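Okay, structure first, notes after.
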Amino acid sequence: MIEAVGLTKRYGDKTAVYNLSFQVRPGAVTGFLGPNGSGKSTTMRMILGLDNPSAGQVTIGGYPYRKLPNAPRQVGALLDAKAVHGGRSARSHLLSLAQLSGIPARRVDEVLGVVGLHEVAGRRSKGFSLGMGQRLGIAAALLGDPQVLLFDEPVNGLDPEGILWVRNLMKALAAEGRTVFVSSHLMSEMALTADHLIVIGRGQLLADMSVTDFISANSADFARVRTPDTEPQQREKLSAAITEAGGHVLPEQDGGLRVTGLPLPRISDIAHDADVRLWELSPHQASLEEAYMRMTQGAVDYRSTTDQKAGLQQPLPPGAQPPMPVPGQGQPGWYAPPPPQQGGQPFPAPQAVPVQAPAGPYGGAVPAPGAPAPNPYAQPAPQAPQAPPAPAPAAPPVPPTAPAADLTKPEDAR
Amino acid sequence: MAAAQVVRSEWTKIRSVASTMWTLSLAVVVTIALGMLISALSRNEFDGMSTRDRLSFDPTFISFAGMGLGQLAMIVFGVLVVSNEYSTGMIRASLAAVPRRGTFLLSKLAVATALALAVSMATSFAAFFLGQAMLGEHKASIGDDGVLRAVLGGGLYMTLIALFSMGVAAMLRSPMLSLGILMPFFFLISNILGNVDATKKVGQFLPDQAGSKIMQVVTPLDDDTPYGPWGGLGIMVLWVIAAVVGGYVLLKRRDAQ
Numbered sequence: 001m002i003e004a005v006g007l008t009k010r011y012g013d014k015t016a017v018y019n020l021s022f023q024v025r026p027g028a029v030t031g032f033l034g035p036n037g038s039g040k041s042t043t044m045r046m047i048l049g050l051d052n053p054s055a056g057q058v059t060i061g062g063y064p065y066r067k068l069p070n071a072p073r074q075v076g077a078l079l080d081a082k083a084v085h086g087g088r089s090a091r092s093h094l095l096s097l098a099q100l101s102g103i104p105a106r107r108v109d110e111v112l113g114v115v116g117l118h119e120v121a122g123r124r125s126k127g128f129s130l131g132m133g134q135r136l137g138i139a140a141a142l143l144g145d146p147q148v149l150l151f152d153e154p155v156n157g158l159d160p161e162g163i164l165w166v167r168n169l170m171k172a173l174a175a176e177g178r179t180v181f182v183s184s185h186l187m188s189e190m191a192l193t194a195d196h197l198i199v200i201g202r203g204q205l206l207a208d209m210s211v212t213d214f215i216s217a218n219s220a221d222f223a224r225v226r227t228p229d230t231e232p233q234q235r236e237k238l239s240a241a242i243t244e245a246g247g248h249v250l251p252e253q254d255g256g257l258r259v260t261g262l263p264l265p266r267i268s269d270i271a272h273d274a275d276v277r278l279w280e281l282s283p284h285q286a287s288l289e290e291a292y293m294r295m296t297q298g299a300v301d302y303r304s305t306t307d308q309k310a311g312l313q314q315p316l317p318p319g320a321q322p323p324m325p326v327p328g329q330g331q332p333g334w335y336a337p338p339p340p341q342q343g344g345q346p347f348p349a350p351q352a353v354p355v356q357a358p359a360g361p362y363g364g365a366v367p368a369p370g371a372p373a374p375n376p377y378a379q380p381a382p383q384a385p386q387a388p389p390a391p392a393p394a395a396p397p398v399p400p401t402a403p404a405a406d407l408t409k410p411e412d413a414r
Numbered sequence: 001m002a003a004a005q006v007v008r009s010e011w012t013k014i015r016s017v018a019s020t021m022w023t024l025s026l027a028v029v030v031t032i033a034l035g036m037l038i039s040a041l042s043r044n045e046f047d048g049m050s051t052r053d054r055l056s057f058d059p060t061f062i063s064f065a066g067m068g069l070g071q072l073a074m075i076v077f078g079v080l081v082v083s084n085e086y087s088t089g090m091i092r093a094s095l096a097a098v099p100r101r102g103t104f105l106l107s108k109l110a111v112a113t114a115l116a117l118a119v120s121m122a123t124s125f126a127a128f129f130l131g132q133a134m135l136g137e138h139k140a141s142i143g144d145d146g147v148l149r150a151v152l153g154g155g156l157y158m159t160l161i162a163l164f165s166m167g168v169a170a171m172l173r174s175p176m177l178s179l180g181i182l183m184p185f186f187f188l189i190s191n192i193l194g195n196v197d198a199t200k201k202v203g204q205f206l207p208d209q210a211g212s213k214i215m216q217v218v219t220p221l222d223d224d225t226p227y228g229p230w231g232g233l234g235i236m237v238l239w240v241i242a243a244v245v246g247g248y249v250l251l252k253r254r255d256a257q
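Line by line, the protein sequences are chains F and Z.
Residues in the first sequence are numbered consecutively from 1, following full-length UniProt numbering.
Residues in the second sequence are numbered consecutively from 1, following full-length UniProt numbering.
Right, dumping it as structure tokens:
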């Protein structure tokens, strides 16, 4: 049982972890998720007494780590797979750690067998691949046969077979009644491994719930429905009919509708009864990855900006179209784009949307649902309003990405 | 009990890396070989010396002439033993296993110092006997007044240099930074301060100059050093204690990075 209460860590004026309170219970794999730099490793180090919290405390079985009796036999940790003297063999490395905790030397060979490194035990760890390094780190964590296990990004650098192995190992350890706390930035991996999730962003707690709850709260199936763009009154009519039938309707940026709570055939029936033609009726599922990104998108520290390539490209001949970036792809809330069409929606005043729009994780703005969104395939405005003054043909007019530059403030970079 | 475990573990660590062997054997070879070379040269020069120089001729000290260079390898040994933990990140695993950081540091220093002491003593005796063999008829005997003290002192001096480096490395953590400070300090700054008249008084109290006093058997004629051989070693010990305590306090307080 790991318990954090009001855990806070500041490095100078940077706050890495702020007021974090959570419990990690035995008998389950608890996933610890967050974007890069969100404070996962700092939290792990504080659990192990390596860093002193600026405020609050974290205990294991009721004791702060540095006061825990016989700590290495109770807690095992993989913090950094590369934290090994490269000139030392795998066996010597583990032997020195075993001797530190009074663990008999034969246990070293046991764990080397468990992680599959027995054949390279005598080799210097300098030549190990990242995956072998991870295995060595996991072996070190298993040495004391501990009841509490911490793993910081254990699947980094492992091949699919190794990932499967780690996943099963975690589950097996938890099934034996141990406390298993695994950090990762891969939601998809945690969805398969963990029973419980703790999500942090910018050092603050975003979610603390079971994976089942997380899935049901965040990845409901939905249907995408589109009525003819030329007849907006049909859209209103269908919305009303679906709502009446007990469905939930969310307008999408391109004029489509996102319907939850009704199966697809039922939506078709309703549309038929309401005498509304459908241009699209398709099943979708919001992925966990997407739900996780939506949750953490405000808390991403490292955000990429569009590569302007200023001065690196030949100016386009006057009148030529600059290449269009594909907007929105990979962003939450973005789905198959509407086909290019004649008489599409007029391009709206772009500055109206980006001001209140949250930014997507890859640098684009996600227009708020329901807001008049720019049609990505419509004729772009000749000059992005927030782009720096530049020769009009060379400046890529990309309204959706323009606010990203504003969001990458220096205070975010750590 | 816990300390015994840590000592065993540190012994495993120290003997399982190649740098231990390399730095220590370099210290041995350089100290002995350079001492023999300078002893042989001094023997040839003795006849051409002035009476004044002959009076202060110190065969024991001459056979330790290689120590000025050999101590640099000892410094590298001391620095690497401690800072390896930091440069590899192993410190996090070590401190996670030994939450009582005082036990961890003191066990590590104890193991490394014991090893350094064994090597230094062997080096000191070997340097003395081989150096005297080179000096021929001008040689000193181990039974002469003060000679045994000087030879034992030579071993202690090298050990203390290693321990001082460990303390500094525990404070600075980075091997490059530690070596970048210690090497010029012992090789240049101490020599410059000790040879310029204005700063001689200060230079006398630096660890290496104070400590090396113990290896002198015949004091130079115009010697105005305010301490004797053991007093000098005492000053060096104070430096070493300051470095080790500094390293201990910082390790105890700081986050383990």
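For every residue, glycine included, the Cβ atom is placed at its ideal position computed from N, Cα and C.
Quick caveat, the model's predicted, so the values are computed rather than measured.
| Check | Outcome |
| --- | --- |
| Does chain Z have any CB closer than 7 Å to the CB of ALA83 (chain F)? | yes |
| Quick one, which of F:ASP269, F:LEU33, F:ALA98 has its alpha-carbon nearest residue 421 (chain F)'s? | This structure cannot settle anything about residue 421 (chain F), because the visible part of chain F is limited to 1 through 414. |
| Taking one C-beta from the region 197-204 of chain Z and one from the region 30-49 of chain Z each time, how about it: are there three or more such pairs within less than 8 Å? | no |
| LYS13 (chain Z) versus chain F: which residues are under 7 Å apart at the beta carbon? | SER96 |
| Helix, strand or coil: which one does DSSP assign to SER16 (chain Z)? | coil |
| Taking 7 Å as the cut-off, decide whether the C-beta atoms of MET74 (chain Z) and ALA162 (chain Z) are in contact. | yes |
| Do we get a CB-CB distance below 7 Å when we pair VAL17 (chain Z) with the residues of chain F? | yes |
| So is SER9 (chain Z) in contact with chain F if we call contact Cβ pairs under 7 Å? | yes |
| Are there 16 or more other CB atoms within 10 angstroms of the CB of ALA16 (chain F), so buried, or fewer, so exposed? | buried |
| Helix, strand or coil: which one does DSSP assign to LEU163 (chain Z)? | helix |
| Quick one: grab the DSSP three-state call for ARG224 (chain F). | strand |
| Measuring alpha carbon to alpha carbon, tell me which of F:ASP275, F:LEU238, F:VAL58, F:LEU205 ends up nearest MET295 (chain F). | F:LEU205 |
| Alpha helix (DSSP H) containing ALA90 (chain F): first to last residue? | 90-100 |
| Excluding the five sequence neighbours on either side, which residues of its own chain have a C-beta within less than 7 Å of the C-beta of PRO53 (chain F), listed in chain order? | LEU7, THR8, LYS9, MET46 |
| Enumerate in chain order the residues of its own chain whose CB-to-CB distance from LYS252 (chain Z) is below 8 Å, with the five nearest sequence positions on each side excluded. | ARG101, GLY102 |
| Would you report the Cα separation of LEU20 (chain F) and ALA194 (chain F), rounded to the nearest angstrom? | 20 Å |
| With a CB to CB cut of under 6 Å and the five nearest residues on each side skipped, what residues in its chain are close to ARG8 (chain Z)? | none |
| Taking C-beta pairs closer than 8 Å, name the residues in chain Z that GLY49 (chain F) reaches, listed in chain order. | LEU95, ALA96, PRO99 |
| What first and last residue would you give for the alpha helix (DSSP H) that runs through ASN195 (chain Z)? | 190-195 |
| Is VAL6 (chain Z) close to chain F? Criterion is C-beta to C-beta, closer than 7 Å. | yes |
| Report yes if the C-beta distance between HIS196 (chain F) and THR30 (chain F) is below 7 Å; otherwise report no. | yes |
| Give me the chain Z residues within the contact set of ALA140 (chain F), using Cβ-Cβ distance strictly less than 8 Å, ordered along the chain. | ALA93 |
| Over what stretch of residues does the beta strand (DSSP E) that includes HIS248 (chain F) continue unbroken? | 248-251 |
| Rounding to the nearest angstrom, what Cα-Cα distance links ALA4 (chain Z) and LEU94 (chain F) in this structure? | 17 Å |
| For GLU280 (chain F), which of helix, strand or coil comes out of DSSP? | strand |
| Going by CA-CA distance only, name the one from F:GLY177, F:ILE163, F:ALA175 that's closest to LEU192 (chain F). | F:ILE163 |
| At what residues does the alpha helix (DSSP H) containing ALA83 (chain F) begin and finish? | Per DSSP, ALA83 (chain F) belongs to no alpha helix (DSSP H) and is neither H nor E. |
| Name the chain Z residues that come within less than 9 Å of ALA77 (chain F), Cβ to Cβ? | ARG92, ALA93, ALA96 |
| In whole angstroms, what separates the C-alpha of LEU188 (chain Z) from that of ARG88 (chain F)? | 34 Å |
| Quick check on DSSP: helix, strand or coil for MET209 (chain F)? | strand |
| For the candidate residues Z:LEU41, Z:MET158, Z:SER19, whose alpha-carbon lies nearest to that of ILE62 (chain Z)? | Z:LEU41 |
| Go ahead and label ASN84 (chain Z) buried or exposed: buried means 16 or more other beta carbons lie within 10 angstroms of its beta carbon, across all protein chains shown. | buried |
| Is the beta carbon of VAL148 (chain F) sitting closer than 7 Å to the one on VAL75 (chain F)? | yes |
| Going by Cα to Cα distance, which pick from F:THR179, F:ASP221, F:ALA240, F:GLY201 is closest to GLN23 (chain F)? | F:THR179 |
| When you compare the CB positions of residue 500 (chain F) and GLY157 (chain F), do they come within less than 7 Å of one another, or not? | Chain F is shown only over 1 to 414; residue 500 (chain F) falls outside these bounds and no answer can be derived. |
| If the criterion is Cβ atoms closer than 7 Å, does the pair ILE60 (chain F) and ILE138 (chain F) meet it? | no |
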